[in-house]
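Working notes, structure below.
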Amino acid sequence: MAITTGTMTDEQRKSVALEYLKGFDRGGTTSSGAPLLDLFDDDAQVYFPKWGLATGKEEIGRLFGEVGATIRAIEHHYASLNWVFAGDTVVCEGGSHGEHVDGPWRAGVPEWGAGRWCDVFEIRDFKIQRVFIYLDPDYAGGDRDRYPWLKDR
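Using full-length UniProt numbering, you'd call the opening residue of the sequence shown number 1 and step up by one each time.
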C-alpha cells in the first residue's frame with residue numbers, strides 16, 4: 001500500500017470509479033485509451049463472486065481476462081447509480097445489461113435475475129486500492145434448479 005500523498009474530494013473519487021465502470025463498457029480501456037489496469041495501485045485487490053480475491057495488477061488482469069471472456073457486451077446504467085462516500089471508501093450501487101456467453105441479461109428483467117450490482121471501492125491518490133464486486137454472476141439466469149422458488153419461473 002502506498003503512503004497517501006494528497007487529499008481527494010468525493011467527486012474526484014467518484015470520477016475514478018466512473019472511469020472504471022465506463023472502461024468495462026468500452027471493452028477494458030479508459031477514456032484516454034489506456035488499459036483499465038492503469039486505474040489500479042500496484043498492490044490493489046479485487047474480489048469477484050465465484051472467482052475470489054485477486055491481489056496485484058497481474059492477478060487482477062487474470063481475473064478480468066477470465067471473467068471478461070464470458071461477457072460479450074456490457075452497459076452500466078449511469079443515470080440511476082446510487083453513491084455513498086465515507087473517507088476513501090466509495091460505494092456504488094446500480095444496474096446493467098448486456099450479453100453473456102450464456103445469453104442476454106438486463107437488470108429487473110426478470111426482477112429476480114442478474115444485472116443489479118454493488119461495488120465497494122477504496123480510492124486514494126487517484127488509484128483504486130480495492131474494489132469488491134457484489135453481484136450474481138449467473139448473468140443468463142440458468143442456475144434455477146438449486147433455488148426452489150425459481151424452478152417454475
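Backbone N, C-alpha and C fix where the C-beta goes; we use that ideal spot for every residue, glycine too.
Keep in mind it's a predicted model, so treat the numbers as computed, not measured.
Taking 8 angstroms as the cut-off, the Cβ atoms of A140 and H76 do not count as close. Taking A17 as the centre and dropping the five residues before and after it, the same chain places the C-beta of V90, C92, F121 closer than 6 angstroms to its C-beta, in chain order. The Cβ-Cβ distance between D43 and I128 does not fall below 8 angstroms. Rounded to the nearest angstrom, the gap between the Cα atoms of I60 and A54 is 5 angstroms.
Taken through DSSP and simplified to helix, strand or coil, L81 comes out as coil. Taking C-beta separations shorter than 8 angstroms and ignoring five residues to either side along the sequence, the partners of Y134 in its chain run P49, W117, C118, D119, V120, following chain order. Non-local C-beta neighbours of S31 in its own chain, meaning closer than 6 angstroms and more than five positions away in sequence, are absent. Of G65, D25, G103, the smallest CA-CA separation from S96 is found for D25. For the pair D125 and G87, the Cα-to-Cα distance works out to about 13 angstroms.
Rounded to whole angstroms, Y78 and G65 show a C-alpha spacing of 24 angstroms.
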